[in-house]
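Each step along the sequence shown adds one to the number in this note's numbering, with nothing skipped, and position 144 is 156.
Ideal placement from N, C-alpha and C gives every residue a C-beta, glycine not left out.
Everything numeric in this text was worked out from a predicted model, so none of it was measured.
Let me begin by presenting the structure, written as structure tokens, before commenting on it.
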Amino acid sequence: MIILFDLDGTLIDSTEAILEGFHHSFDVYKLKHPSDEEIKALIGYPLEVMYTELGVKEELIEKIVLTYKEYYRVISCEKTELLQNAKEAVILAREIAELGIVTTKTGKYSQVIMEHFELMDYFEVLIGREHVENPKPHAEPILKALESFDIKGKEIWMIGDTKLDLISAKNAEVNSIGVLCGYGTQSTLEEHTDVLVSDALKAVKYLEEKKLKR
């Protein structure tokens with residue numbers, strides 16, 4: 013079995029760092045700030061999409077994204093927490109499967125965060141925004157991650173908290189589990205997966221039970 017995890021809202025909570033990074037970048041360019049709720053509603057999308065949706069003009073997108081990244085890199089570990097049961101989920105998952113991370117966050121910073129939590133060694137691969145042309149919901153990030161595995165005859169599962177994760181799984185023709193500990197709503201997630209649980213540990217336990225029944 014191969015299990016791929018999303019990060020934000022699935023294993024980690026970096027909401028504070030994300031919000032602070034966005035407000036810092038809007039300060040730098042003296043732009044009208046969006047509300048926290050407007051920013052949170054877009055978490056999971058690439059940064060360039062988030063800024064565009066928040067009304068930033070196209071000619072400024074590249075610069076403001078860079079400003080955000082430079083600030084986020086400094087505060088990310090301090091302002092990020094593991095979600096409840098996330099560590100247990102990763103440890104159990106490694107006992108029953110090979111693991112990967114598929115995120116729309118910058119992979120370089122994501123790896124630092126997971127090393128900070130001493131979890132990176134459990135994963136074979138981490139695919140971030142800079143590793144693909146087409147981020148989730150496109151199939152490319154998942155397919156790119158799977159290049160690191162021998163997938164022949166193995167069940168493949170994507171665990172994520174937003175419709176982007178679940179649509180990406182569908183597009184890549186792999187199984188998916190939605191978790192309710194992040195940014196997606198139950199009604200939205202139900203539209204895109206048959207399996208919906210409270211958090212990553214429940215998702216892994218579901219897969220453990222499934223494996224034992226074989």
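Supposed contact pair residue j and residue i - C-beta distance, whole angstroms, cut 8 Å
i      : j      : result
Ala98  : Ile15  : Actually they are not in contact, since the Cβ atoms of Ala98 and Ile15 sit about 13 Å apart, beyond 8 Å.
Ala29  : Ile76  : That belief does not hold up - the Cβ atoms of Ala29 and Ile76 are roughly 16 Å apart, past 8 Å.
Ser199 : Met170 : No, Ser199 and Met170 are not in contact; Cβ-Cβ is about 20 Å, not under 8 Å.
Leu176 : Lys148 : 4 Å
Thr115 : Asp211 : 17 Å between Cβ atoms; not a contact.
Tyr80  : Gly33  : 5 Å
For residue i, the three-state DSSP class (helix, strand or coil)
i      : result
Glu110 : strand
Val102 : helix
Ile59  : Position check: residue 59 holds Leu in this sequence, whereas Ile was assumed. Note: Leu59 maps to helix in three-state DSSP.
Glu70  : helix
Ala157 : helix
Leu131 : coil
Lys164 : coil
His143 : helix
Lys44  : coil
Lys148 : coil
Nearest residue (CA-CA) to residue i, options the options
i      : options                       : result
Tyr41  : Tyr57, Ile73, Ala157          : Ile73
Val144 : Ser122, Leu155, Tyr134, Lys91 : Leu155
Ser37  : Thr22, Gly21, Glu60           : Glu60
Ala181 : Ala109, Ile113, Leu23, Glu71  : Ile113
Gly56  : Ile24, Glu71, Tyr83, Val124   : Ile24
His128 : Cys89, Ile103, Glu107         : Cys89
Leu78  : Thr118, Ala53, Ile108         : Thr118
Asn183 : Glu152, Lys52, Ala109, Lys225 : Glu152
Thr174 : Ser160, Phe161, Cys193        : Cys193
Phe161 : Thr197, Glu136, Glu71         : Glu136
His45  : Leu224, Leu54, Glu221, Leu66  : Leu66
Host alpha helix (DSSP H) of residue i (start-end)
i      : result
Leu213 : 212-224
Phe34  : 27-40
Ala53  : First-last for Ala53: undefined, no H or E at that position.
His128 : 119-128
Thr116 : It is not in any alpha helix (DSSP H) - Thr116 carries neither H nor E in the DSSP assignment.
Glu202 : 198-202
Asn183 : 175-183
Strand pairing of residue i, partner residues [DSSP]
i      : result
Ser188 : Met170
Leu93  : The question names Leu, but residue 93 is Glu in the sequence shown. Asp25, per the DSSP bridge assignment.
Asp20  : Ile24
Val209 : Val191
Extent of the continuous beta strand (DSSP E) run through residue i
i      : result
Val137 : 137-139
Leu16  : 14-17
Cβ of residue i within 8 Å of any chain C Cβ
i      : result
Ala181 : This model lacks chain C altogether; it includes just one protein chain.
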